[in-house]
Amino acid sequence: MNLDTYTLLKDLTGADAPSGYEKEAREVLAGYLKAAGELSTDKLGSLICRQQGSAVAPKIMLAAHMDEIGFMVKNITSGGFIKFLPLGGWFSQVLPAKRVKVKTARGPIPGVIGSKPPHLMTAGEQKKPLAMEDLFIDIGAGSRKEAERFGVRPGDPIVPVFEFTVLKNPDLLAGKAFDNRAGCAVLTKVLHKLKKEKHPNTVYGTATVQEEVGLRGAHTAAFEVAPDAAIILECRIANDFPGVDAQDIYSRMGKGPQITFHDPGMIPNRKFRDLVVKTAKEENIPCQIYAVNTGGTDAGVVHKSRSGVPSIVIGVPVRYFHSHAGILRRSDFEQVVSLVTEVVKRMDDAVVSGFTE
Amino acid sequence: MNRDNSLLKELTEAHGISGYEKEIRDILIRRLKAETNITRDRMGSVIFEKKGGGSGPGFPKIMLPGHMDEIGFMVRYITEEGFIKFIPVGGWYDQVILAQKVIIKTGKGDITGVVGSKPPHIMTAEERTKVVEKKDMFIDIGASSKKEAEEEFGVTPGDPIVPDCPFTVMKNKKILMAKAFDNRIGCALFVEVIKALKKTGHKNTVYGVGTVQEEVGCRGAKTSAFSVNPDVCLVAEVAIANDVPGTTADNMSCKLGKGPGISILDGSMIPNIKLRELALSVAKKHKVPVQLFSMPGGGTDGGPAHVNAGGVPSLYIGVPTRYIHTHVGIINTDDYDNTLKLMLEMVKALDAKTVKGLTE
Chain A
1 MNLDTYTLLK
11 DLTGADAPSG
21 YEKEAREVLA
31 GYLKAAGELS
41 TDKLGSLICR
51 QQGSAVAPKI
61 MLAAHMDEIG
71 FMVKNITSGG
81 FIKFLPLGGW
91 FSQVLPAKRV
101 KVKTARGPIP
111 GVIGSKPPHL
121 MTAGEQKKPL
131 AMEDLFIDIG
141 AGSRKEAERF
151 GVRPGDPIVP
161 VFEFTVLKNP
171 DLLAGKAFDN
181 RAGCAVLTKV
191 LHKLKKEKHP
201 NTVYGTATVQ
211 EEVGLRGAHT
221 AAFEVAPDAA
231 IILECRIAND
241 FPGVDAQDIY
251 SRMGKGPQIT
261 FHDPGMIPNR
271 KFRDLVVKTA
281 KEENIPCQIY
291 AVNTGGTDAG
301 VVHKSRSGVP
311 SIVIGVPVRY
321 FHSHAGILRR
331 SDFEQVVSLV
341 TEVVKRMDDA
351 VVSGFTE
Chain B
1 MNRDNSLLKE
11 LTEAHGISGY
21 EKEIRDILIR
31 RLKAETNITR
41 DRMGSVIFEK
51 KGGGSGPGFP
61 KIMLPGHMDE
71 IGFMVRYITE
81 EGFIKFIPVG
91 GWYDQVILAQ
101 KVIIKTGKGD
111 ITGVVGSKPP
121 HIMTAEERTK
131 VVEKKDMFID
141 IGASSKKEAE
151 EEFGVTPGDP
161 IVPDCPFTVM
171 KNKKILMAKA
181 FDNRIGCALF
191 VEVIKALKKT
201 GHKNTVYGVG
211 TVQEEVGCRG
221 AKTSAFSVNP
231 DVCLVAEVAI
241 ANDVPGTTAD
251 NMSCKLGKGP
261 GISILDGSMI
271 PNIKLRELAL
281 SVAKKHKVPV
291 QLFSMPGGGT
301 DGGPAHVNAG
311 GVPSLYIGVP
321 TRYIHTHVGI
331 INTDDYDNTL
341 KLMLEMVKAL
351 DAKTVKGLTE
């Protein structure tokens, strides 16, 4: 199976799948994962790929959410404009004049988030941030009736549009939805690598739903899998850009996998954390300690599943996520794949039992 | 049947911010070299002369300016870490810039970048309530140092930066979405007026003019009006369509699909009243719907053109366009076609006697 990183990321980020509407992403992933294990789903829509290694136990969950942030049609104005609800955390100032796609039952239609030209603004208006509830989407419909004829209905999902782009330095990629199709791509590559190698456990590759609206899919998927340990595969913030004081830069692109030591959702199991750091060292994989007070991941609910699951979050550094245009480095991505693969290979029954002794 | 949008597609997808209009000039020259006599002013504006059924002192000169430049940015400097700090070229509103895709035109070719933005996760509550200003923005081209950006990518201060948005036909095929309708639409209009005149004849000499540097102060219109020395000027432009949520009847400018906008006043010009009346009567005669509008907060090439020499009767006619001065404008092709028809019929009506009457 061709697992070229570029193609994999292009296919996965090309799927339009905001929270609650993950079908396209699930289908793309299922296409890639069917050769790597047995597929099943939980009742909220998360996809589970079971791959047994040389032992049935322990059960290792590798989880990546497949939903992206987007919007939903709230209502159509009499003039044919779409008022929308955000799905996930959007900053209102990255929205005006952005292209979007409305996914109607009759197919996708292009639109743009409208904005007032500066010619018509007072000086006071220019200095005020636009509020989410004042924004609207223009699909070129002349009336509500015409919009309905286009197939638009309240509840239709809306996704950002941004062409997947290789930058001048081909190690860097720009695109939408790296959060968290990059994690899904890591999941895919790791499962295919493990398939060819020996691992003393059973891996449950899990693509969860509805992370961006509150870690909902991880809740049910973790119950379904009942793992003994979990690795959450995510994108995490790289804040190495202008406007951030050097002392406040806590994570950079190009410096390897981010191992979360703290975020508001979880303090990782200490022994598991040490295993990951030690593995990185043994394998000569650079890594960054990621300790923040902002942003959570699926680990927030997975580590509290049942009677507790030792968990860790390993991230691909991404700049500008939660906007149309994220940027990531392929080298970071490949290092995350290597690190996760090597960690899983070390997770036999004794090691995993040791986490909670 | 699908409309042929190739002229608008080619013109809007071309890159040409103020001062860097070459790509557009080349397209216009290729499109009009068979029909016209081509000259230049010394600022870079290109003048396409199309003679009517005669010539000489009795034949009025009609200027149709359409500015070739679009708003964009320029590389100001590169930070030590390899990010581009930029200068806006033309009137940009802060809140439409973040997270947009842009193309930097370097000496070594085009490179893609995005305007960076802070994820909401790492904003303070106070930051969220404040507008991010252009001076604090930057473009990420994926360079890891100033050296890489300059030496390997070829980025140099002064390089132009253009918005990136592919030309898109929307669900209703009459609705088009693109960057730079302001003012490639004006360029397209004079190209098509001149091509149509070739078949019908006209009692004047027409000067389609692709002007430069409108967005930074109508500079090319000043020099090209001097060069042409016209008797009448019809400014082919976009008009602001603001028929969108949040606009009250009090503030309504133009609506999409209701025909060309005819300006009653803008920030740079009060039109010649007789010329405006002529536009209304021509529109009525040829059943072209029109909208009267005003734009006190903006100007056009009509500003310098109408005060050229001893004065030039001028009128600003615009194709209603939503969301100008962003990456993505929207127009209705009916409006474009009606504007073309109106301008064409006006040119045909502007014989020596009519032109003389405008200032009597």
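First to last, the protein sequences are chains A and B.
As numbered in the working numbering, residues 1 to 357 make up the first sequence, in order.
As numbered in the working numbering, residues 1 to 360 make up the second sequence, in order.
C-beta atoms are modelled at their ideal positions from N, C-alpha and C, and glycine is treated no differently.
When DSSP states are grouped into helix, strand and coil, B:E35 belongs to the coil group. Per DSSP, the beta bridge partners of A:L233 are A:I314. Shortest Cα-Cα distance from B:I62 to any of B:V131, B:R322 and B:L234 involves B:L234.
Of the candidates B:G257, B:L275 and B:K134, B:G257 places its Cα closest to the Cα of B:V288. Chain B has a Cβ within less than 7 Å of the Cβ of A:V112. Contact residues of the stretch 58–69 of chain A toward chain B are absent (C-beta to C-beta distance below 9 Å). Around A:F321, the same chain offers F178, D179, C235 and I237 as residues with beta carbons nearer than 8 Å, after the five sequence neighbours per side are excluded. Straight across, the Cα-Cα distance linking A:V313 with A:R270 is about 12 Å.
Against chain B, the beta carbon of A:S353 has no neighbour under 8 Å; the closest one sits roughly 35 Å away. Listed along chain A are P242, each with a C-beta nearer than 7 Å to that of B:T79. The alpha-carbon of B:D182 is positioned some 6 Å away from that of B:V238. By a beta-carbon distance limit of 8 Å, A:A325 does not contact A:F91. Their separation comes to about 13 Å. One Cα belongs to B:P245, the other to A:P154, and the distance between them is close to 17 Å. What B:A180 touches in chain A, judged by beta-carbon distance under 7 Å, is nothing: the nearest beta carbon there is about 13 Å away. Pairing A:A221 with A:L12 gives a Cβ-Cβ distance that is not under 7 Å.
For B:L280, not one C-beta of chain A is nearer than 7 Å to its own C-beta.
Using a C-beta cut-off of 8 Å, the stretch 170–177 of chain B makes no contact with the stretch 26–34 of chain B, since fewer than three inter-stretch Cβ pairs fall below that distance.
Within the stretch 277–322 of chain A, the complete beta strand (DSSP E) segments of 3 residues or longer fall at 288–291 and 311–319, listed in chain order. Of the residues B:I185, B:S224, B:G109 and B:H325, the one whose Cα lies closest to the Cα of B:S6 is B:I185. Selection A:G265, A:P257 and A:M266 evaluated against A:V277 yields A:P257 as nearest (Cα-Cα). Below the 9 Å Cβ cutoff, chain B contributes M170 and K171 as neighbours of A:I109, in chain order. About 4 Å separates the CB atoms of A:H199 and A:G53; that is less than 8 Å, so the two are in contact. Against chain B, the CB of A:H322 has a partner CB under 7 Å away; the residue lies at that interface. DSSP places B:R128 in the helix class (H, G or I) of the three-state scheme. Taking every protein chain shown into account, the CB of B:G310 has fewer than 16 other CB atoms within 10 angstroms, so this residue is exposed.
For A:N169, the nearest CB of chain B lies under 7 Å from its own CB, placing it at the interface with that chain. At a Cβ-Cβ threshold of 7 Å, A:G243 and B:D136 count as neighbours. Proximity of B:Q95 to chain A, defined by a Cβ-Cβ separation below 7 Å, is satisfied. DSSP places A:Y204 within a strand segment (E or B) once states are collapsed to three. The beta carbon of B:C254 sits closer than 6 Å to the beta carbons of A239, A241, G261, Q291, F293 and P320 from its chain, once the five residues preceding and following it are set aside; these are given in chain order. Taking the C-beta atoms as reference points, B:M346 is found nearer than 7 Å to B:V282. Looking only at A:H192, A:S338 and A:G70, the smallest Cα-Cα distance to A:K281 is reached by A:S338. Per DSSP, the continuous alpha helix (DSSP H) segment holding A:Q335 begins and ends at R330 to K345.
Separation of B:M295 and B:F153 (C-alpha to C-alpha, rounded to the nearest whole angstrom) is 42 Å. Taking C-beta atoms as the reference points, B:S263 and B:G303 fail to come closer than 7 Å. At a beta-carbon threshold of 9 Å, the residues of chain A lying near B:I141 are L167, K168, N169 and L172, ordered along the chain.
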